[in-house]
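Residue numbers (my numbering): 37 to 313.
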């Protein structure tokens, strides 16, 4: 005998029908997305959205806007929606002297760019490559060195295997030494770092100061001690400084111009040269 429950149709839909409905819904979604994408593509290619205006600002000393535009505009392609901002940024940063570029869209057909130029702090010299420049952030970059030939930039002589991080280290050392050596009435012409980590300063009067190896603060302290005590020697001997070796643990040795070696200095002069408080 059939019961009322047996006569009721099953509420569960067959598996194949459920799969068919799901596939139909998915196809409908894909179709809608394709239509929207096609519509977006058509709209984005309308002349109204083609980039017509390029605004460039920033403090520009090495470049002028006309030069930047001539180098960049032919290489920036796409409409407001389709332009590749990352590629546009790379194009702007490929212009000589440009350190970084901030590129953004401005509705409906403008690109607005803010440029920052490299500000040179020193030359960067390697034995196995052409000279480059170091900017104020300690970054090495390529530029036409003729653009800075009239600027009194010091030279950082890097070891052969120097990394980008060492440029920042050397610039930091240069900046710490510059005020310390001001009493010598000479500016730093070059700062050299060897593969073994030894530092040498050459002044613009050709005097050489060997700092040796050590931590930055330790080396700066050696230079401060030398500059502080050098007047004691100058009170007795007026010859200009030619060479100073600060690598002694409790003093330093000097060679004065007109004297061939430290050994030629008398015992009294040698004692003064090596004296420290």
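Backbone N, C-alpha and C fix where the C-beta goes; we use that ideal spot for every residue, glycine too.
query, result
"Which of the three DSSP states, helix, strand or coil, is assigned to residue 293?", "coil"
"Just tell me which of 53, 205, 240 and 61 has its CA closest to the CA of residue 253.", "205"
"Can you check the region 176 to 244 for any alpha helix (DSSP H) of at least 4 residues that lies completely inside it and give the ranges in chain order?", "200 to 216"
"At what residues does the alpha helix (DSSP H) containing residue 107 begin and finish?", "101 to 108"
"Which residues bound the alpha helix (DSSP H) around residue 253?", "252 to 270"
"Who does residue 152 pair with in a DSSP beta bridge?", "136"
"Name the residue from 127, 101, 268 and 283 whose alpha carbon lies nearest to the alpha carbon of residue 251.", "283"
"What separation, rounded to the nearest whole angstrom, lies between the Cα atoms of residue 88 and residue 127?", "18 Å"
"Taking DSSP as the reference, what is the three-state secondary structure of residue 283?", "coil"
"Identify, in the order they occur along the chain, each residue of the same chain with its Cβ nearer than 8 Å to the Cβ of residue 232, setting aside the five sequence neighbours on each side.", "249"
"Do the region 216 to 224 and the region 161 to 179 meet, that is, are 3 or more Cβ pairs less than 8 Å apart?", "no"
"What whole-angstrom Cβ distance do residue 159 and residue 138 have, given they're in contact under 8 Å?", "Their Cβ separation, rounded to whole angstroms, is 28 Å, which puts residue 159 and residue 138 out of contact at 8 Å."
"Determine the contact status of residue 280 and residue 245, defining contact as a CB-CB distance below 7 Å.", "yes"
"With burial defined as no fewer than 16 other Cβ atoms inside 10 Å of the residue's Cβ, what is the status of residue 293: buried or exposed?", "exposed"
"How big is the Cα-Cα spacing for residue 287 and residue 263?", "12 Å"
"Can the beta-carbon of residue 318 be found closer than 7 Å to that of residue 195?", "Any answer about residue 318 is impossible in this case: the structure gives the chain only from 37 up to 313."
"According to DSSP, what are the bridge partners of residue 111?", "Residue 111 pairs with nothing; no bridge assigned."
"Taking 8 Å as the limit between beta carbons, can you name the residues of its chain near residue 143, skipping five residues before and five after?", "116"
"Can you give the Cα-Cα distance for residue 147 and residue 91, rounded to whole angstroms?", "6 Å"
"Which one of 58, 132 and 266 has the shortest CA to CA distance from residue 183?", "132"
"Would residue 278 and residue 243 be called neighbours here (beta carbons separated by less than 7 Å)?", "yes"
"Specify the secondary structure class of residue 54 as computed by DSSP and reduced to three states.", "helix"
"Whole angstroms are fine: how far does the CA of residue 140 sit from the CA of residue 149?", "7 Å"
"How long is the line joining the alpha carbons of residue 54 and residue 63, rounded to whole angstroms?", "14 Å"
"Do residue 225 and residue 239 count as a contact pair if the criterion is CB distance below 7 Å?", "yes"
"Measuring only the C-alpha atoms, how far is residue 152 from residue 268?", "48 Å"
"Can the beta-carbon of residue 162 be found less than 7 Å from the beta-carbon of residue 177?", "no"
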